[in-house]
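Residues in the sequence shown are numbered from 7 upward in steps of one, following our numbering. From the three backbone atoms N, C-alpha and C, an ideal C-beta is built for every residue, glycine too. All of these numbers come straight from a predicted model, not from anything done at the bench. Let me begin by presenting the structure, written as structure tokens, before commenting on it.
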Amino acid sequence: MTNPAILTTDAQTLAVLLRHFDWSPISKIPGLYEVWSTEDKEDEEILVPLDPNRGDYAALLTKARRAVYEYYGRAARDLSAMLELRVRASLDSTQWKKDTQLEAGIIEWEAGEKLYEAARAQLIASAKSAREKRRYHGNASAHLAKRFIENSFMGQTDIGSFVITAYTPANTRFHLSKYSEEMHLVMPRASETVTGRQVLATFERALKAVRDGIESYRQRPQIEIFLETVQEGVSYEFTKALSELTSDGDSEIEILRFSDDADRQIAQSITFEAADSPILTRAAHAFALDPEPQHVTLVGEVTLLSRSVAKEDHVIRLNIAEGADVRKARIRLTAEQYKLAMEAHKFEASLRVHGRLEKEGNLYWLYEPIELEIVPPDEHPVRELYEAPTIF
Numbered sequence: 007m008t009n010p011a012i013l014t015t016d017a018q019t020l021a022v023l024l025r026h027f028d029w030s031p032i033s034k035i036p037g038l039y040e041v042w043s044t045e046d047k048e049d050e051e052i053l054v055p056l057d058p059n060r061g062d063y064a065a066l067l068t069k070a071r072r073a074v075y076e077y078y079g080r081a082a083r084d085l086s087a088m089l090e091l092r093v094r095a096s097l098d099s100t101q102w103k104k105d106t107q108l109e110a111g112i113i114e115w116e117a118g119e120k121l122y123e124a125a126r127a128q129l130i131a132s133a134k135s136a137r138e139k140r141r142y143h144g145n146a147s148a149h150l151a152k153r154f155i156e157n158s159f160m161g162q163t164d165i166g167s168f169v170i171t172a173y174t175p176a177n178t179r180f181h182l183s184k185y186s187e188e189m190h191l192v193m194p195r196a197s198e199t200v201t202g203r204q205v206l207a208t209f210e211r212a213l214k215a216v217r218d219g220i221e222s223y224r225q226r227p228q229i230e231i232f233l234e235t236v237q238e239g240v241s242y243e244f245t246k247a248l249s250e251l252t253s254d255g256d257s258e259i260e261i262l263r264f265s266d267d268a269d270r271q272i273a274q275s276i277t278f279e280a281a282d283s284p285i286l287t288r289a290a291h292a293f294a295l296d297p298e299p300q301h302v303t304l305v306g307e308v309t310l311l312s313r314s315v316a317k318e319d320h321v322i323r324l325n326i327a328e329g330a331d332v333r334k335a336r337i338r339l340t341a342e343q344y345k346l347a348m349e350a351h352k353f354e355a356s357l358r359v360h361g362r363l364e365k366e367g368n369l370y371w372l373y374e375p376i377e378l379e380i381v382p383p384d385e386h387p388v389r390e391l392y393e394a395p396t397i398f
């Protein structure tokens, strides 16, 4: 027996195909059919059936699709094949549309690269926010974001203003951490995951929250308005990417994602003006001024050793090479940990340490340092000069 839900999705796919070529419904009988037309072909009409339970539904659907193919040839067939693939694979789609002063479909090379990077950064920030809402993500939830991007696809640039298309798997489950991924086979209940659908839902909520925040800011220019949007998935990385997307031209982000029961698709379109970009830049700056604490593993060179015997205080400064988007951090250590830091400094070796990174004034501090170790010999050219001390 044919599944009516699949047939309904076929009608929705046809509607997306028609809208792509600037067709729109001009009349309808609710629940039965719609009649579509376009200004380019004023005397032509296409009837789109809506009731999959009627006996002539499949025949009318086929006739309508053939009409589109006759009008637009290979372009229509290729787009139809992509839309059908999306339905079968449950791929949600997102399009970033950027107005340019050049001829439709082209953009300055550097501006195009900047646009792609902004789109990617928004998806990464949304994946991280799907796990944990933070004002500033930094390297947090990097494993989840990496896996999500790896399993997403890029579509062809569309007709019109410069367009980027991303396809993300709605039903695929992504592990929140490498540990969850490794433990999944031996202890399935220990794994923690989110679906692609949850990531894109977070992305959509964040866009709406930013859009509402901009409108509120124009009425009451207080940047704190945006700090209230963190629970909707907005972050420093998200607003920074959006400010770059909207600079020098109006933009539109269009999302087409599957519903929870996967039998229909939900369309959403959110627009931004070039005038929004400075507001978003200020919002991003506000998020970065006071970032939330984050658990990180830092690798870097010990450049300062400070010890107070009276206060039993042992402090080092680490020039960070890996693990965080900051240059330096101070760390208060135990006496034994301090000895290990001295060894690293003596041989100009890197030190690896895990802890909670916080900002105090203009300085970053790593609290509760654990798992200190000198980077293994195969990771540093001078490591053969000594035997690595015990790890504390």
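Tell me, which residues are paired with residue i by DSSP?
i	result
residue 3	This structure cannot speak to residue 3, because the chain is shown only from 7 to 398.
residue 216	Partner(s): none; residue 216 has no beta bridge.
residue 63	Residue 63 pairs with nothing; no bridge assigned.
residue 376	360
residue 335	324
residue 169	103
residue 97	175
residue 139	For residue 139, which the question treats as bridged, DSSP gives no partner whatsoever.
residue 41	33 and 53
residue 273	262
residue 160	172
residue 369	366
residue 47	44
residue 278	257
Tell me, to the nearest whole angstrom, how far the beta carbon of residue i is from that of residue j; I am working on the premise that it is less than 8 Å.
i	j	result
residue 372	residue 378	The Cβ separation is near 11 Å, so there is no contact.
residue 22	residue 89	6 Å
residue 235	residue 216	7 Å
residue 323	residue 310	4 Å
residue 209	residue 128	7 Å
residue 186	residue 174	Rounded, the Cβ-Cβ distance is 20 Å, inconsistent with contact.
residue 241	residue 140	6 Å
residue 211	residue 238	5 Å
residue 104	residue 168	5 Å
residue 281	residue 255	Not really, about 11 Å apart at Cβ, beyond 8 Å.
Count the other CB atoms within 10 Å of the CB of residue i; is the residue buried (16 or more) or exposed (fewer)?
i	result
residue 243	buried
residue 355	buried
residue 112	exposed
residue 20	buried
residue 15	For residue 15, the pLDDT reaches just 49, beneath the cut-off of 50, and the residue's location in the model is therefore unreliable, although a value from the coordinates is still provided. The residue is buried, with at least 16 neighbouring Cβ atoms inside 10 Å.
residue 18	buried
residue 147	buried
residue 30	exposed
residue 272	exposed
residue 102	buried
residue 390	Because the pLDDT of residue 390 is 36, which lies under 50, any placement of that residue in the model is unreliable, and the question is left without a value.
residue 87	exposed
residue 295	exposed
residue 346	buried
residue 35	exposed
residue 207	buried
residue 312	exposed
residue 248	buried
residue 253	buried
Considering only residues of the same chain and omitting the five flanking positions on each side of residue i, which have a CB-CB separation below 7 Å?
i	result
residue 57	37, 38 and 63
residue 120	250
residue 335	304, 324, 326, 363, 370, 371 and 372
residue 222	231
residue 54	17, 20, 21, 39, 40, 42 and 70
residue 67	16, 17, 20 and 55
Near residue i, which residues of its chain fall below 6 Å by C-beta distance, leaving aside the five closest residues on each side in sequence?
i	result
residue 251	124 and 257
residue 100	172 and 261
residue 276	213, 217 and 259
residue 179	199 and 201
residue 245	286, 289 and 290
residue 386	Interpretation of residue 386 is limited by its pLDDT of 48, a score under 50 that renders its predicted location unreliable; the figure taken from the coordinates is listed afterwards. Closer than 6 Å at the Cβ level, and outside the excluded window around residue 386, lie 355 and 356.
residue 149	183 and 184
residue 359	304, 375 and 378
Of all Cβ atoms in chain E, is any one closer than 7 Å to the Cβ of residue i?
i	result
residue 251	Any reference to chain E falls outside this structure, which holds one protein chain only.
Which same chain residues end up closer than 8 Å to residue i when comparing Cβ atoms and leaving out the 5 residues on each side of it in sequence?
i	result
residue 130	151, 154, 155 and 243
residue 145	300, 302, 329, 330 and 331
residue 78	27
residue 298	140, 141 and 142
residue 122	170
residue 118	168
residue 74	20, 23, 24, 27, 52, 82 and 86
residue 45	28
residue 338	319, 320, 321, 371, 373 and 375
Can you tell me whether residue i sits near the ligand ZN, meaning its C-beta is under 6 Å from at least one heavy atom of the ligand?
i	result
residue 171	The ligand ZN is absent from the structure shown, which contains no ligands of any kind.
Query - 3 or more residues per run - each beta strand (DSSP E) lying fully within the segment 284 to 319 - result: 300 to 314
Requested in this report: Enumerate, from N- to C-terminal direction, the unbroken beta strand (DSSP E) stretches of 3 or more residues contained entirely within the segment 205 to 265.
Outcome: 257 to 264
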